[in-house]
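Residues -18 to -1, 1 to 651 in mature numbering (1 follows the signal peptide of the UniProt record, and there is no 0) are what the sequence shown spells out, letter by letter.
Even glycine gets a Cβ: it sits at the ideal position worked out from N, Cα and C.
Shown next, in structure tokens, is the structure this report addresses.
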Amino acid sequence: MCTAAFSGARLCASAAVCAPMTSGTTCTCLAVASGDPGDGWKSSERIYPSWSAELRCNALSVAELHPRNSLEFDAFMSRRQSFENTSALEDSAMKWWTAMAGIIEQDRARMSVVTPRLGVTVLAGSLALNILALALPLVMLQIFDRVIPFSAHATLGVFLVCLIAVALAEFCLRVCRIVLVGHAGTRYETELSDAACRKMLDTVPRDHERDGIGVHFERFGAVAQLREHYAGQGRLLVIDLPFTMIFVAMIGLIGGILIAVPLMILAVIFCVTLVMKRRQSRVLEQRKVVDGRRYSFLIEFLSQIATVKANLMEQQMLRRYELLIRQSAAASRAIISLSGLSQSLGAVLGQASVAAMGLCGAWLVLAGQLGVGELAACMLLNGRTTQPLLKLLGVMMQGESVVQARNRLAELDAMPMRPRIAPESPLRGAITLRDLGFSHPKSGAILFQGVNADIAPGQCVRIEGTDGGGRASLMRMILAEQAPSVGVVRVDGLPPIQAIGHRGPGGIGFVDQVPVAFRGTILDNILLFGTVPDRDGSMEICDRLGLDAEVRAMPLGYQTIIGPDAGPQSRGFLQKVGLARALVMRPRILLLNHATSAMDDPAANRAADLLAEFAGTTTILLASTQPQISALAESALALKRRSEDAYAVWDEDRAVDAAARRQIEALSA
């Protein structure tokens, strides 16, 4: 029997799925590898000949389906759905596609972008550059020791030609290295930006809304910071630094005790970097928080500029922004001071290195322990040694910014995603609640607890509770947009996060008290921008709700633009649009949170009559204070706290009353 093994969660790693045997065939593994997709299907003809040709035709798209973009994933799921609808497909083949979709879904949950590596070409070029860097010190050593004492003009000419050739070669190698590293950084930025955008679009809404818009802008700005790091010269120091030890060793071979000069400079640079990096870390963290607040304020302020001007709030907004910009300026001043200090220290240490090498070398020359040629060579080698060390000082100071950028992207990568695996069976509409409880996320107050219910498909249930008692929270738990504090929610026996693939036509619909109006025409909002093809049925629903008459009275009719910044619209009108949009999807589960609260009685009656036709086929959970809507419910689900919680509240009130009574008695006495 063959064992199926999946090596890692990435599809580009090798994977094997065992297909069971049929009569006259041998158990064979189908291997999928990123290197040569065709090799994985060499023996596919022996397994289910009826669909092996189709698998071969799609081997490339499956094998290369690394989660680079949503289009490739959607293409894979579309192909899987077409296989599901094929009568000739065996059950085991469907299991294969489901397992493969699970692997892709796991990989899609991470921003799988490979960090750009320094290729063999860059490494070879850096090696050649550092070898060529030895040419000038060695030539100077020969000139002082042999050419000048013996007046060797021909040898001097040869050395001159060689140095010119070395300089040209070094220039070409540096240009090529910059181009290669820049290309790698640009490619990395493109892939990382695409992955971050995909992650943001697929994130669970409750986690996305937890952070301000300014925080999300900073996370996307972190991509540019990482690109500058990977495309800059700082990464090349990883290659150049080991060669500084070669230059230091050459100084030791030529100048002997002069090796102490670069070693002392290296120790000083290391100590200075540690001290300044610690200070910079605190300042950058403060700057991150302040900038997040400032950007969030600017975005909110500019998006609500009409409201600000209508209420004459310009001065209040200006004072608030001045406070934020003052905090940001203080953090920026500290960062600029640290950066300027590091540059000044670098310049001072560079000059000190040259002066120390010259003075110590001159003393050795006067003592007869070193020649002039050896001193000149050591001076040049010392310059080659201190250059990358001084660059290292600046790079290490910038390294904290890179760490902050990585942390911001790690926060985005850690956000959970909605699964996009297509459901294997249609939604029935059963909802199960077991010991469900929910507490306010900020205050910790218990809104409801101990809720148990088995809601059958097609049943209409009214959710009872006080204002702010958690009715909307219960609906958002079913939508997988909020997590319960305790207990379990199941939709058709599945956790809501796994049933989220049923959102849309024939799935789960939700209409809130303030429905969302997308930027677009009224018709686009009702038909979900072309997702619902049944236009005639949609117009019938609009007519039944009384929406059609209102829209036709408008100059542009259904082509009227609504949504944010499209002009004021009454809440009752938007509720009709939201309810029509939900009903045209023919959902199997419909959640209504005061969805008709702004409608007048005739409009609410029309909505109740239309909803009554969906009862029996659509599971409806509604929260409403209007009698005509509440009358649709077959049963009620009460959201209450347990009695012990109520007793605790009564005890607290009794204690407060007793304390107040004692104060009154004390004052009267």
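Which of helix, strand or coil does DSSP assign to residue i?
i	result
Met295	coil
Ile479	coil
Asp417	strand
Leu280	helix
Leu509	coil
Glu446	strand
Met399	strand
Asp436	strand
Arg526	helix
Val468	strand
Thr185	strand
Val514	coil
Leu138	helix
Gly355	helix
Thr103	helix
Glu173	helix
Gly491	strand
Thr226	helix
Leu429	strand
Gly274	helix
Thr255	helix
Thr542	coil
Gly452	coil
Gly502	strand
Asp496	Strictly speaking, residue 496 in this sequence is Val, with Asp absent from that position. Coil at Val496, not helix or strand.
Ala91	In this prediction, Ala91 has a pLDDT of 48, which is less than 50 and means its spatial position is unreliable; what the coordinates show is noted afterwards. Reduced to three states, the DSSP call for Ala91 is coil.
Could you tell me how far apart the beta carbons of residue i and residue j are, in whole angstroms, since I believe they sit closer than 8 Å?
i	j	result
Arg390	Ala204	4 Å
Ser335	Asp222	Not a contact, Cβ separation roughly 17 Å.
Ile544	Asn587	Contact flag wrong, Cβ pair sits at about 25 Å.
Leu573	Gly491	7 Å
Ile504	Ile460	Actually they do not touch by this definition, with Cβ atoms about 28 Å apart.
Val250	Leu331	6 Å
Val433	Leu284	No, Val433 and Leu284 are not in contact; Cβ-Cβ is about 42 Å, not under 8 Å.
Exposed or buried, which one is residue i when buried takes at least 16 other CB atoms within 10 Å?
i	result
Cys360	buried
Gly598	exposed
Arg90	Confidence at Arg90 is low in this model, with a pLDDT of 47, below 50, so the placement of that residue should be treated as unreliable; the coordinate-derived value is given next. Result: buried.
Ala396	exposed
Thr103	exposed
Glu171	buried
Gly328	buried
Leu142	exposed
Gln431	buried
Ser520	buried
His165	exposed
Ile287	exposed
Asn364	buried
Asp417	exposed
Lys291	exposed
Glu296	exposed
Lys424	exposed
Ser455	buried
Val468	exposed
Arg159	buried
Leu429	buried
Asp18	Any reading at Asp18 is ruled out, since the residue's pLDDT is 37, under 50, leaving its predicted position unreliable.
Val257	exposed
Ser552	exposed
Leu604	buried
Thinking C-alpha only, which one of the options is nearest residue i?
i	options	result
Gly560	Pro550, Asp547, Asn575, Val230	Asn575
Val148	Val161, Met339, Arg366, Ala117	Ala117
Thr448	Gln262, Leu352, Ser606	Ser606
Ser319	Gly512, Arg261, Ala358, Tyr303	Arg261
Leu510	Ala562, Ala115, Pro370, Ser579	Ala562
Leu280	Leu538, Arg301, Leu649	Arg301
Gln480	Val493, Asp436, Val354, Glu463	Glu463
Glu282	Met299, Pro466, Leu100, Arg169	Met299
Val347	Cys253, Phe252, Leu240, Ser617	Leu240
Pro515	Gln495, Tyr540, Pro487, Gly528	Pro487
Glu304	Leu294, Ala316, Arg275, Gly322	Arg275
Using 7 Å as the cut-off, classify the Cβ of residue i as near or not near the heavy atoms of the ligand MN, replying yes or no.
i	result
Ser335	Among the components modelled here there is no ligand, and therefore nothing to report on the ligand MN.
*beta strand (DSSP E) runs contained entirely in the region 545 to 581, provided each spans 3 or more residues*: 571 to 575
*Only counting runs of 3 or more residues, tell me where the beta strand (DSSP E) segments fall wholly within the region 592 to 647, in order along the chain.*
601 to 605, 617 to 620
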